[in-house]
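Each residue of the sequence shown is one higher than the last, beginning at 111 in the numbering used here. Presented below is the structure to which this report refers.
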Amino acid sequence: MSAEMKNFEPAEVQTLAAERRFLLDQSEWRCPACGEVAVRSYLHRADRPNRPTVISYTWCAHCRRATGATSPLPPGLTFDDPWADLSPRQREELEEDSDRMFAELDAMWAKGVLPQRFSGTGGGTRRR
Ligand SMILES: [Zn+2]
Numbered sequence: 111m112s113a114e115m116k117n118f119e120p121a122e123v124q125t126l127a128a129e130r131r132f133l134l135d136q137s138e139w140r141c142p143a144c145g146e147v148a149v150r151s152y153l154h155r156a157d158r159p160n161r162p163t164v165i166s167y168t169w170c171a172h173c174r175r176a177t178g179a180t181s182p183l184p185p186g187l188t189f190d191d192p193w194a195d196l197s198p199r200q201r202e203e204l205e206e207d208s209d210r211m212f213a214e215l216d217a218m219w220a221k222g223v224l225p226q227r228f229s230g231t232g233g234g235t236r237r238r
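As structure tokens, this is what we get:
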């Protein structure tokens with residue numbers, strides 16, 4: 111039985127968007143809701159007709175809040191996707207059961223499969 115997911119409040123999503131640059135720094139981030147450093151993200155490339163798109167899921171592993179966003183794929187950005195082999199139907203089933211989906215994402219994070227490795231982010235190889 112996995113913990114039930116809730117949504118971040120709009121103000122919390124704004125705080126994250128303003129402060130966090132996940133493509134440049136994949137470490138866990140301070141959660142605007144609970145204050146724990148447990149905010150994680152998973153990105154999925156979705157090739158819509160004529161428009162490469164990236165779907166991002168951001169969640170807090172501590173208080174189980176989450177948010178999703180869809181945006182254009184930044185030019186040149188590439189990354190690995192541990193769920194690349196899922197069929198559209200399997201992915202749909204996962205997304206319909208967000209408790210299970212985020213539990214599986216947390217398991218992959220614990221194993222070091224996540225965070226994904228990104229290149230072409232414009233951030234070079236600098237590390238903080
Ligand atoms: Zn939290």
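C-beta: ideal position from N, C-alpha, C; glycine also.
Counted within 10 angstroms of its Cβ, other Cβ atoms place residue i as buried (16 or more) or exposed
i	result
VAL223	exposed
VAL147	exposed
SER208	buried
ARG174	buried
Rounded separation between residue i and residue j - CA only
i	j	result
GLU206	CYS170	19 Å
GLU122	ALA143	7 Å
PRO192	ASN117	24 Å
ALA213	ALA220	11 Å
ARG140	VAL149	6 Å
GLU203	LEU134	30 Å
GLU138	ASN160	33 Å
GLN200	ALA128	33 Å
PRO120	LEU126	10 Å
LEU215	ARG130	19 Å
PHE132	MET211	20 Å
GLN136	LEU196	23 Å
When the options are compared against residue i, the one with the closest alpha-carbon
i	options	result
GLY230	ALA128, TRP219 and LEU183	LEU183
GLU114	ALA176, GLN200 and ARG201	ALA176
PRO198	ALA148, ARG155, GLU146 and TYR167	ARG155
VAL164	GLY186, LEU153 and CYS173	LEU153
GLN124	ALA194, ASP190, LEU133 and ALA179	ALA179
THR188	SER137, ARG161 and ARG227	ARG227
PRO225	ASP190, LEU126, ALA127 and ARG161	ASP190
ALA194	ALA217, ASP157 and ASP216	ASP157
GLY186	PRO162, MET211 and ALA217	PRO162
Nearest-angstrom Cβ-Cβ length linking residue i and residue j, presumed shorter than 8 Å
i	j	result
SER151	TYR167	7 Å
Q: With a cut-off of 6 Å, give the chain-ordered residues whose Cβ is closer than this to any heavy atom of ligand 1.
A: CYS141, ALA143, CYS144, GLU146, ALA148, CYS170, HIS172, CYS173 and ARG175
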